[in-house]
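Read the structure below first, then the notes.
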Amino acid sequence: MVLNKLMDDAAQWAGPHIIDLADGKVIWSSVDVFETAFKAHFCVVDDKKAALTKLVKLCKASHKLGMVKDYTASFNAIAVRTPLSDKDKRAHYVDGLLYKIQNEFAVMAHKIDTLKKAQKVALRIDQQLAEHVEAMPKTKGWGRCGKQVAADQHRSEERSCFNCSEKGHIQRNCKKPPRGQQAATSTATPPNPTPSSNPSTSDELVALHSQLKELSNHIAVVSLAKKKEGF
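Residue numbers for the sequence shown follow UniProt numbering, beginning at 1 and rising by one.
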């Protein structure tokens, strides 16, 4: 018999029917009727599992502000095919909302205990937030900021440095020493030259000293000779 070969969930489903057949009861008049009953049970179960998977995926997806109405419609179309209770559906629904809306749920004084209430509140908050964003003045702060930076850069290129008088930068960005130090450096007295330590100069000095000594000795001899001659 086909029922005895079924396994897992199908075997559990067929168990009571096998007992009825053993008692002589006629459950299905033909194979076609059995096939219809089998598909009616297990196809519905598979559809519920697929719907639940799809619902979880929907709730995990990111949703933009002002799109709660579309999210709610998609949620209800899938949730009706799942075996979830109203409480579980509400929990899944809230998890799929924007954090801004979830935060509003957290601070509300009254309790939102049904899916219908949660959807009603979410739609109202989403509309209020969307209207608030729409009412905010449309500014082009980034554009003005970019133009301001470009203008500042252009003015900086036209300026002359107070310190070195060169263009393209200002005094605080100047890499040259302060003006006072530059003046002190330019007017400073050059250092006295130190005697040369060249060996040729030293030799000349020694030779000159020797010549002077010889000349002194010669003068002394001449002077002594004149004294002896009676001059």
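Glycine included, every Cβ here is placed at the ideal spot set by N, Cα and C. Keep in mind the model is a prediction, meaning the values are calculated, not measured.
Per-residue burial, residue i [other beta carbons within 10 Å of its own, 16 or more giving buried]
i, result
"residue 205", "exposed"
"residue 133", "exposed"
"residue 114", "exposed"
"residue 213", "exposed"
"residue 219", "exposed"
"residue 142", "Low confidence applies here, because residue 142 scores a pLDDT of 49, under 50, leaving its location unreliable; read the following figure in that light. Exposed is the call here."
"residue 90", "buried"
"residue 99", "exposed"
Expected contact under 8 Å - CB spacing of residue i and residue j to nearest Å
i, j, result
"residue 112", "residue 118", "5 Å"
"residue 73", "residue 55", "Not a contact, Cβ separation roughly 13 Å."
"residue 126", "residue 81", "That pair is no contact at about 25 Å."
"residue 59", "residue 95", "5 Å"
"residue 122", "residue 101", "6 Å"
Length of the line joining the Cα atoms of residue i and residue j
i, j, result
"residue 97", "residue 170", "54 Å"
"residue 62", "residue 168", "50 Å"
"residue 64", "residue 129", "11 Å"
"residue 174", "residue 67", "56 Å"
"residue 57", "residue 77", "14 Å"
As assigned by DSSP and simplified to three states, the class of residue i
i, result
"residue 89", "helix"
"residue 120", "helix"
"residue 176", "coil"
heavy atom of the ligand NAP below 6 Å from residue i C-beta
i, result
"residue 56", "Of ligands this structure carries none, so the ligand NAP is not represented either."
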